[in-house]
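Encoded as structure tokens, the structure appears first; notes follow it.
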Amino acid sequence: MPNQNLQEFLLGHLNELRKQGLYNEIDVVKSPNGPIIELEGKKLINLSSNNYLGLATDERLKEAAIEAIREWGVGAGAVRTINGTLSVHIQLEDRIAEFKGTEAAIAYQSGFNCNMAAISAVLDQHDAILSDELNHASIIDGCRLSKARIIRVKHSDMIDLRRKAQEAKESHQFNKIMVITDGVFSMDGDMAKLPEIIEIAEKYDLITYVDDAHGSGVLGAGAGTVKHFGLQDKVDFQIGTLSKAIGVVGGYVAGKKELIDWLKVRSRPFLFSTAISPADAAAATKAIELLMKNKELNERLWANSDYFKKGLKDLGFDIGMSETPITPCVIGDENKTQQFSKRLYEEGVYAKAIVFPTVPKGTGRVRNMPTAAHTQALLDQAIAIYAKVGKELGII
Ligand code: PMP
Numbered sequence: 001m002p003n004q005n006l007q008e009f010l011l012g013h014l015n016e017l018r019k020q021g022l023y024n025e026i027d028v029v030k031s032p033n034g035p036i037i038e039l040e041g042k043k044l045i046n047l048s049s050n051n052y053l054g055l056a057t058d059e060r061l062k063e064a065a066i067e068a069i070r071e072w073g074v075g076a077g078a079v080r081t082i083n084g085t086l087s088v089h090i091q092l093e094d095r096i097a098e099f100k101g102t103e104a105a106i107a108y109q110s111g112f113n114c115n116m117a118a119i120s121a122v123l124d125q126h127d128a129i130l131s132d133e134l135n136h137a138s139i140i141d142g143c144r145l146s147k148a149r150i151i152r153v154k155h156s157d158m159i160d161l162r163r164k165a166q167e168a169k170e171s172h173q174f175n176k177i178m179v180i181t182d183g184v185f186s187m188d189g190d191m192a193k194l195p196e197i198i199e200i201a202e203k204y205d206l207i208t209y210v211d212d213a214h215g216s217g218v219l220g221a222g223a224g225t226v227k228h229f230g231l232q233d234k235v236d237f238q239i240g241t242l243s244k245a246i247g248v249v250g251g252y253v254a255g256k257k258e259l260i261d262w263l264k265v266r267s268r269p270f271l272f273s274t275a276i277s278p279a280d281a282a283a284a285t286k287a288i289e290l291l292m293k294n295k296e297l298n299e300r301l302w303a304n305s306d307y308f309k310k311g312l313k314d315l316g317f318d319i320g321m322s323e324t325p326i327t328p329c330v331i332g333d334e335n336k337t338q339q340f341s342k343r344l345y346e347e348g349v350y351a352k353a354i355v356f357p358t359v360p361k362g363t364g365r366v367r368n369m370p371t372a373a374h375t376q377a378l379l380d381q382a383i384a385i386y387a388k389v390g391k392e393l394g395i396i
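Structure representation (structure tokens):
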């Protein structure tokens, strides 16, 4: 018999969500997650994946994964600290360190896991964190897990950060203070103001932590936001994911050798959760090798995203403060945003509506992710559909 209390709780809340139109039905994609995807028997131009460079379906990565399965099997067999560290994991970590320009790196099972692992491995209740209010959910959860005092900073507001850093430092209440930011903010596509953050960090002796999930493979000719600003020696924690531009799955911290050594003995997902599969490690290693050797995919990503953004801007759409391929199309009203996304779908474009509570009320948007794998013809087709639906709904 299922627990009756639990059943009532679940049914009550699910019904409430459905009534408010807030229950997110999961779309099931019937094709690889490339520039065109298939859903409900319909082929759609895909503008919603994080597969920035098209590597998720790249033949060279697929070959690397298949070879790794032949050699190593499908599972790592244990956590990293028992005997789940295979040489494919070490190769991956060496490549990540090279890619990021750091002494060492450690791989985790996901970017989300990585933030849960890294923050709580170095901070505790005697410490403080200055955290941008738009930081990713995994950073928020990682901060909470550490039990450190969380001081929210207004989004990219350097006056607020400076004031709060000074107050925290001069209160003498904390052993350590960390400043944490996304490298690129995922809902608006704006970059962190890293040069100013680093200047403030140096002045108030802050540990620096940059989660570059959306910057790696994208900014700094692929090496990320920290490289884009030339600050590799100034950031203590460079976090990344292997699931977006790299096209596979997994997360990592890159930094000084002592930091990585510490994470290997103290970060709980490394100690208590099985290592990523040999196929994932080998495919991600191959992706990083390709990115280091060849800038063509990165250049194509930027050419496509500049082209697409210009197309939407010329039509009169508001693309907010985007400085990267993440291209929001800000509509405002939540219902209109949902309606817009639905009409795009009917016309052949898959671009998800993002509304409250994921973004503040009244800032609903359809978020677009042009990638290196889109052809110009596909982008032209998408722009024409945006024009048609935008006019139809009175948005442009
Ligand atoms: N950090 C940021 C900033 C992200 O945008 C994401 C992905 N949504 C993650 C971490 C989580 O990465 P992963 O999907 O690899 O768990």
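Per UniProt numbering, residue 1 is the first one in the sequence shown, and the count goes up by one each step.
Glycine is no exception: its CB is placed at the ideal position from the N, C-alpha and C atoms.
Anticipated Cβ contact below 8 Å, residue i with residue j, distance rounded
i: residue 479; j: residue 205; result: Any property of residue 479 remains undetermined from this structure, which presents the chain solely from 1 to 396.
i: residue 110; j: residue 243; result: 7 Å
i: residue 382; j: residue 367; result: With a Cβ gap of about 13 Å, residue 382 and residue 367 do not count as contacting.
i: residue 225; j: residue 191; result: 6 Å
i: residue 250; j: residue 280; result: 6 Å
i: residue 52; j: residue 265; result: About 34 Å separates the two Cβ atoms, so there is no contact after all.
i: residue 421; j: residue 189; result: In the structure as shown, the chain starts at 1 and stops at 396, and residue 421 therefore has no counterpart that could be examined.
i: residue 89; j: residue 275; result: 6 Å
i: residue 308; j: residue 393; result: So it is not a contact: roughly 20 Å between Cβ atoms.
i: residue 115; j: residue 212; result: Incorrect: roughly 12 Å between the Cβ atoms, too far for contact.
i: residue 240; j: residue 58; result: Not really, about 18 Å apart at Cβ, beyond 8 Å.
i: residue 45; j: residue 389; result: 13 Å between Cβ atoms; not a contact.
i: residue 187; j: residue 328; result: 7 Å
Contact test: residue i Cβ vs the ligand PMP heavy atom, cutoff 7 Å
i: residue 380; result: no
i: residue 213; result: yes
i: residue 182; result: yes
i: residue 111; result: yes
i: residue 241; result: yes
i: residue 15; result: no
i: residue 136; result: yes
i: residue 335; result: no
i: residue 115; result: yes
i: residue 251; result: yes
i: residue 216; result: no
i: residue 186; result: yes
Residues that residue i bridges to, as DSSP identifies them
i: residue 27; result: BP columns for residue 27 are empty, so no partner.
i: residue 364; result: 332
i: residue 38; result: 43
i: residue 107; result: 252
i: residue 18; result: Paired residues: none, contrary to the question.
i: residue 353; result: 366
i: residue 182; result: 211
i: residue 177; result: 128
i: residue 274; result: 79
Collapsed DSSP secondary structure at residue i in the structure displayed
i: residue 346; result: helix
i: residue 101; result: coil
i: residue 337; result: helix
i: residue 83; result: helix
i: residue 156; result: coil
i: residue 52; result: coil
i: residue 280; result: helix
i: residue 187; result: coil
i: residue 380; result: helix
i: residue 88; result: helix
i: residue 375; result: coil
i: residue 1; result: coil
i: residue 285; result: helix
i: residue 327; result: strand
i: residue 57; result: helix
i: residue 295; result: coil
i: residue 205; result: coil
i: residue 306; result: helix
i: residue 393; result: coil
i: residue 318; result: coil
i: residue 13; result: helix
i: residue 311; result: helix
i: residue 192; result: coil
Curious, which full-length beta strand (DSSP E) runs of at least 3 residues does the segment 207-271 contain?
Secondary structure remark: continuous beta strand (DSSP E) runs of at least 3 residues inside the segment 207-271, in chain order: 207-211, 237-241 and 251-255.
Which full runs of the beta strand (DSSP E) of 3+ residues lie inside the segment 109-158, going along the chain?
The segment 109-158 contains these whole beta strand (DSSP E) runs: 128-132 and 149-153.
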